[in-house]
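Data first, discussion second: the structure below is written as structure tokens.
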Amino acid sequence: RITILPHGSLRIVNASKSDEGQYLCQGVNVFGSAEIIASVSVKEPTRIELTPKKIELTVGESIVLSCKALHDSTMDVTFFWTLNGQPIDFEKEGGHFESIKAQASSADLMIRNILLMHAGRYGCRVQTAADTVSDETELLVRGPPGPPGVVIVEEITDTTATLSWSPGADNHSPISLYNLQARSPFSLGWQTVKTVPDLISGDMESAMAVELNPWVEYEFRVVATNKIGTGDPSAPSRVIRTNEAVPKIPPANVSGRSGRRHELVIAWEPVSEEFQSGEGFGYIVAFRPNGTRGWKEKMVTSSDASKFIYRDESVPPLTPFEVKVGVYNNKGDGPFSPIVVICSAEGEPTAAPIDVKATSLSVSEILVAWKHIKESLGRPQGFEVGYWKDMQQEEAAEKVKTEGNESSILLTGLEGNTLYHLTVRAYNAAGYGPPSTAVHAATKKSPPSQAPGNIMWIQDGSHVSLGWEPVRPLANESDVMGYKVLFRQEGQSNSQVIETQKTSAVVLLPDVGVYIIEVCAVSEGGDGTASPQIRVPSFSGGKVTSAQSTLHVLSTSSSSVTLLLALMVPSTSW
1 RITILPHGSL
11 RIVNASKSDE
21 GQYLCQGVNV
31 FGSAEIIASV
41 SVKEPTRIEL
51 TPKKIELTVG
61 ESIVLSCKAL
71 HDSTMDVTFF
81 WTLNGQPIDF
91 EKEGGHFESI
101 KAQASSADLM
111 IRNILLMHAG
121 RYGCRVQTAA
131 DTVSDETELL
141 VRGPPGPPGV
151 VIVEEITDTT
161 ATLSWSPGAD
171 NHSPISLYNL
181 QARSPFSLGW
191 QTVKTVPDLI
201 SGDMESAMAV
211 ELNPWVEYEF
221 RVVATNKIGT
231 GDPSAPSRVI
241 RTNEAVPKIP
251 PANVSGRSGR
261 RHELVIAWEP
271 VSEEFQSGEG
281 FGYIVAFRPN
291 GTRGWKEKMV
301 TSSDASKFIY
311 RDESVPPLTP
321 FEVKVGVYNN
331 KGDGPFSPIV
341 VICSAEGEPT
351 AAPIDVKATS
361 LSVSEILVAW
371 KHIKESLGRP
381 QGFEVGYWKD
391 MQQEEAAEKV
401 KTEGNESSIL
411 LTGLEGNTLY
421 HLTVRAYNAA
431 GYGPPSTAVH
441 AATKKSPPSQ
451 APGNIMWIQD
461 GSHVSLGWEP
471 VRPLANESDV
481 MGYKVLFRQE
491 GQSNSQVIET
501 QKTSAVVLLP
511 DVGVYIIEVC
521 AVSEGGDGTA
531 SPQIRVPSFS
541 GGKVTSAQST
551 LHVLSTSSSS
561 VTLLLALMVP
571 STSW
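See below:
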């Protein structure tokens, strides 16, 4: 059990507590001797227990692995965790792993929200100053299936495609069924398609997609499901196009539209390219007068067409027709839409508006009014007013439209002091009716450009008495009909107005504060140029003595504005 080795070392096998103590090693030769003392302590061996020993979990669950150490009480222990032999980096595992050490002799590993990638051999290693021991446990994670293998399209018809694939990983839960999905340029992403068989069991590796649309490009993919859930889809198959076939979907919403006299306008919703089923797609428009037998058919070769116009001078307005629209392509003729009854166009209006009147309202506005004779055919959808200046040709007329049964319109933005000629005509979807006889109206002259001058005012408490020189308009300006006094409290935008035909006015300032006052002339052409602003403080009815009543004069010229303070005069002297 105890051996001295050739190089002088001492080996003790199967040590026990009785071997503890101090050992002396002495070396001797002819020159003398040397010695060394070694102190030996014998410790209890470390043992560990890792539980549970074998675990089966489902994706999303959590588990705690517990590692307990039995060791010499005089020794410190350190715990290490590994996964498949590699140390676990708790900082980089996205919060899935947490090391918990509640006691000195045990450590736990918390695994939260387990993923498939967390399956494997988990190891716990315990290390002391005297020895190192380890233990492992196996974690199996069940989850939804992995993606199936490559999807192969084996056979194609006009409405079917036969597919095959290889199974993917079942992730420790047998695959129960497969789901077949398709995508085309007309679908909103991937859509589940009908198959034969209707349910594809987990042991199958082929199936047929049915009820596809002819002459459409498709991609296919397969998704596996087990009792845990549905896995990721396979990679898409190659793009294939189903074979051509006779179209089966007729146009929808066949109806009539407004047109010109002697026209039958037939409209429909175009068939989507998804349902055209092949090349050379077009429409067959069939129609006949109501009550007759034979159909008249016309081919429309454009796949995008949504309207056909049939014109026959012998067709009276509002003649009822039976109409149906069919489809065709290079493979043959498809079905017709249900028969509907629509009428030929009633035509454009035939009567011109009457009693047309034009009234000048201002320098830039003319009001136009009219009456319209009710017609059995050619009913108007609105009216168009054309207007042009006296020196212009009617071809240069500007035009504005009304809608519905309006019988007047206000023209704005016109030139002042200008003669205009005006006509009115009705219109509908078929076209325009005849214009009325032209009427005439002249816009008003421009308002006076001169502002009221030499404004004088005297304030008695909250009353302000104003006076000014009359405005004399120029020859090309409207005559003065009166004056406006506009006043507002400083800081506000809305003004109060006093109208007068005199060159004086009394203004009541109701509230305390500073008021802004302006004066302008009023004419047929509108308001003239306003005077310079006057700033007047209000005492809101406070008593003002005669000594405080002051006459103010605001004289104006083209080059200056001067404020003059007159001598103190009694308030009753003006």
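If you read the sequence shown in UniProt numbering, its first letter stands for residue 1, the second for the next number, and so on. Here a beta-carbon is modelled for each residue, glycine too, at the ideal position from N, C-alpha and C.
Just the Cα atoms here: how many angstroms apart are Phe31 and Ile12?
-> Each residue's Cα considered, the two are about 30 Å apart.
Could you pull the start and end residues of the beta strand (DSSP E) that Gly326 belongs to?
DSSP places Gly326 inside the beta strand (DSSP E), whose first and last residues are 320 to 329.
Check: Can Gly149 and Asp232 be called in contact, C-beta distance under 9 Å?
Finding: Taking a C-beta distance under 9 Å as the contact criterion, Gly149 and Asp232 do not qualify as a contact pair.
- Have a look at Thr137 and Phe97 and give me their C-alpha separation to the nearest angstrom. Going by C-alpha positions, Thr137 is about 16 Å away from Phe97.
Practice prompt. Check whether the Cβ atoms of Glu322 and Val300 lie closer than 9 Å to each other.
Written response: With contacts defined by Cβ atoms closer than 9 Å, Glu322 and Val300 do not form a contacting pair.
Query raised in the report: Could you give the residue range of the beta strand (DSSP E) that holds residue 618?
Result: This structure cannot settle anything about residue 618, because the visible part of the chain is limited to 1 through 574.
Alpha carbon to alpha carbon, what distance is there between Arg257 and Glu313?
Glu313 and Arg257 have their C-alpha atoms spaced approximately 18 Å apart.
Report task. Within the region 248 to 299, note down every full alpha helix (DSSP H) run reaching 4 residues or more, in order along the chain. Result -> Qualifying alpha helix (DSSP H) stretches: none in this window.
Once the 5 residues before and after Arg125 are set aside, which same chain residues still bring their CB inside 6 Å of it? So the list reads Phe80, Ser134, once near-sequence residues are dropped.
* Let me know if Ala345 comes out buried or exposed under the rule of 16 or more other beta-carbons within 10 Å of its beta-carbon. => Counting Cβ neighbours within 10 Å, Ala345 comes out buried, since at least 16 surround it.
Note to self: Just to confirm the assignment: which complete beta strand (DSSP E) runs, minimum length 3, are found wholly within the region 68 to 142?
What the structure shows: Taken in chain order, the complete beta strand (DSSP E) segments of 3 residues or longer contained in the region 68 to 142 are 78 to 83, 97 to 103, 106 to 111, 120 to 127, 132 to 142.
- May I have the straight-line CA-CA distance separating Ser493 from Phe487, to the nearest angstrom? Taking the straight line from one Cα to the other gives about 10 Å.
Close beta carbons around Thr3, own chain, < 7 Å, minus the five adjacent residues each side:
Excluding the 5 residues flanking it on each side, Thr3 has same chain C-beta neighbours closer than 7 Å at Arg11, in chain order.
Q) Less than 9 Å separating the beta-carbons of Leu509 and Lys444? A) Cβ distance not < 9 Å, so Leu509 and Lys444 don't count as in contact.
Checklist entry - DSSP on Glu395, reduced to helix/strand/coil? => result It is helical.
task: From the DSSP output, in three-state form, read off Lys357 for me.
output: For Lys357, the secondary structure class from DSSP, reduced to helix, strand or coil, is strand.
Assuming Glu217 and Val246 make a contact with CB atoms under 8 Å, what is their CB distance in whole Å?
-> Going by Cβ atoms, the distance from Glu217 to Val246 rounds to 19 Å, so no, they are not a contact pair.
Which of helix, strand or coil does DSSP assign to Lys543? Any reading at Lys543 is ruled out, since the residue's pLDDT is 41, under 50, leaving its predicted position unreliable.
Exercise. Nearest-angstrom Cα distance between Val151 and Ser201?
Worked result: Rounded to the nearest angstrom, the two C-alpha atoms are 16 Å apart.
Restricting to Cα atoms, I'd like to know which of Val514, Gly259, Ser478, Ala451 is closest to Thr529. Of Val514, Gly259, Ser478, Ala451, the residue nearest in Cα terms is Ala451.
As assigned by DSSP and simplified to three states, the class of Lys17
Helix at Lys17.
**Item:** Distance, Tyr483 Cα to Ser501 Cα
**Value:** Looking at the sequence shown, residue 501 is not Ser but Gln. Rounded to the nearest angstrom, the two C-alpha atoms are 6 Å apart.
* **Same chain, Cβ closer than 7 Å to Leu116, five either side skipped, listed in chain order** => Val59, Val141, Gly143, Asn171, listed in sequence order.
- Considering only the beta carbon of each residue, do Ser277 and Asp158 sit closer than 9 Å? Taking 9 Å as the Cβ cut-off, Ser277 and Asp158 qualify as a contacting pair.
- Item | Coarse secondary structure for Thr301, derived from DSSP in three states | Here Thr301 sits in coil by DSSP.
Can you list, in chain order, the residues of its chain whose CB lies under 8 Å from that of Tyr226, leaving out five sequence neighbours each side?
-> According to the sequence shown, residue 226 is Asn rather than Tyr. So the list reads Pro144, Pro145, Asp170, Asn171, Ser173, Pro174, Ile175, Ser176, Gly202, once near-sequence residues are dropped.
**Message:** For the beta strand (DSSP E) containing Pro335, name the first residue and the last one.
**Reply:** It spans 332 to 336 - the beta strand (DSSP E) in which Pro335 sits, taken as one unbroken run.
Practice item. Could you tell me the distance, in whole angstroms, from the CA atom of Pro250 to the CA atom of Lys331? Key: If you take the alpha carbons of Pro250 and Lys331, they lie about 15 Å apart.
Applying the 10 Å Cβ sphere with the 16-neighbour rule, what's the burial state of Val368? Val368 is buried by the Cβ-count criterion.
Can you tell me which residues form a DSSP beta bridge with residue 584?
This structure gives no information on residue 584, because the portion of the chain shown stretches from 1 to 574.
Do you know how far the Cα of Ser99 is from the Cα of Phe90? Going from the Cα of Phe90 to the Cα of Ser99 covers about 8 Å.
- Between Leu486 and chain B, is there a C-beta pair that is closer than 9 Å? Judged by its chain identifiers, the structure shown contains no chain B, having just a single protein chain.
Please report how far the alpha carbon of Val400 lies from the alpha carbon of Val385, in whole angstroms. Rounded to whole angstroms, the gap between the alpha carbons of Val400 and Val385 is 5 Å.
Pairs of beta-carbons, one from the region 350 to 359 and one from the region 420 to 436, closer than 8 Å: are there three or more? Segment contact: the region 350 to 359 against the region 420 to 436, three or more CB-CB distances shorter than 8 Å; contact assigned.
Hey, out of Ala426, Asp390, Ala161, whose CA is closest to Val193's CA? From the listed residues Ala426, Asp390, Ala161, the smallest Cα separation to Val193 is found for Ala161.
- Query: What is the rounded straight-line gap between the Cα of Val506 and the Cα of Gln533?
  - Reply: If I take the Cα positions, the gap works out to 16 Å.
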